[in-house]
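Mind the numbering: the sequence shown is residues 2 to 233 in my numbering, read in order. Encoded as structure tokens, the structure appears first; notes follow it.
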Amino acid sequence: MADLLMPVRLAWRLARGGDRAVTAWLVLTRPAGLMQPDGVTVADRNPRLLRAIQAHSPDRADLSLLSFGGSIGDEVFTLRRLYPTARITGIDISRARIARCRERLPAAEAARTRFVVANSAAGEGRACHDLVVANSVFRHHALDDGAVSSARILPFARVEPVMNRLAATVKPGGLFALRHANFRFEDMAAAAEFEPVIGLTRFAVKFGRDDRRLPDAPIEHCLFRRRAPAQG
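Set out below in structure tokens:
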């Protein structure tokens, strides 16, 4: 059933300004590659996942990290606190949110931090990052309301190429963190090159390759390591 009040809600958000207006604009314009229009974010999000990332990260000072779909930059700044010498890239589909990231970036961190407007990781090299984080990106809030299929809102066929390309940026031995997603990384073609590291309590409902809702499971794998190429 159509949401007859949606135009009113969008107009109200646009009038209010701030990030709600950014969300409303994304809903109205539907830029190519858009998945989750909402930009809700906080610093130090998912502390258990962050601790696991730290425990399993390569022990080097020159790490390269990527925050994909990180909204106004809280995730990048959290990673900066945990990895003060790393090179960090933040990507988001919203030009307004990336502008806010750049406004918030301390001058002392500018040489080691970059923010990019993009709807995918196609502009990143392959096997170039030691850690890639995607929090609340491969999902849509409308799927949380009892949806039995993702086909109309966020089909698997649209998600998989983006997630595969994102995973391709992870170096062998590097980590891929996926949390609050409506799809399992294990169902992506790229997962064949990865192994799960940890599982945590499931949050978002999951949909399969056929877009049908999967049975709820208490735990979801959310951190993966890319295997080193076989020798010989």
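For each residue, glycine too, the CB sits at the ideal point set by N, CA and C.
Remark: three or more beta-carbon pairs, one from each stretch, lie closer than 8 Å, so the region 25-45 and the region 127-139 are flagged as touching.
Excluding residues up to 5 positions away in sequence, 202 and 203 lie with their Cβ nearer than 8 Å to the Cβ of residue 219 in the same chain.
Counting along the chain, no beta strand (DSSP E) covers residue 127, and no H or E run does either. For a cut-off of 8 Å, the C-beta gap from residue 66 to residue 131 is around 7 Å, short enough to register as a contact. For a cut-off of 8 Å, the C-beta gap from residue 224 to residue 109 is around 30 Å, too long to register as a contact.
8 Å or more divides the Cβ of residue 191 from the Cβ of residue 135. When C-alpha distances from residue 221 are compared across 180, 51 and 25, the shortest belongs to 180. Under the three-pair Cβ rule at 8 Å, the region 88-106 counts as touching the region 58-72. For residue 91, the enclosing beta strand (DSSP E) stretches over residues 88-93.
Annotation: residue 199 is outside any alpha helix (DSSP H); the continuous beta strand (DSSP E) that includes it extends over 195-202. With distances taken between CA atoms, residue 72 lies nearest to 42 out of 42, 84 and 198.
When the Cα atoms are used, residue 198 and residue 107 turn out to be separated by approximately 33 Å. Going by DSSP, residue 157 is part of the alpha helix (DSSP H) stretching over 157-168. If you look at residue 97, you'll find it in the alpha helix (DSSP H) that goes 96-105. Checking the DSSP bridge columns, you'll see residue 66 partnered with 89 and 132.
Within the same chain, 172 come within 6 Å of residue 128 by CB-CB distance, once the 5 residues on both sides are set aside. For residue 168, the closest C-alpha among the options 186, 158, 155 and 159 is that of 186.
In the DSSP assignment, residue 114 forms a beta bridge with 89. Listed in chain order, the non-local C-beta contacts of residue 212 below 7 Å within the same chain comprise 150, 151, 152, 156 and 157, local neighbours out to five positions each way being set aside.
Around the C-beta of residue 196, fewer than 16 other C-beta atoms lie within 10 Å, and the residue is accordingly described as exposed. DSSP lists 202 as the beta-bridge partner residues of residue 220. Between residue 24 and residue 77 the beta-carbon gap is near 19 Å, outside 8 Å, which marks them as no contact.
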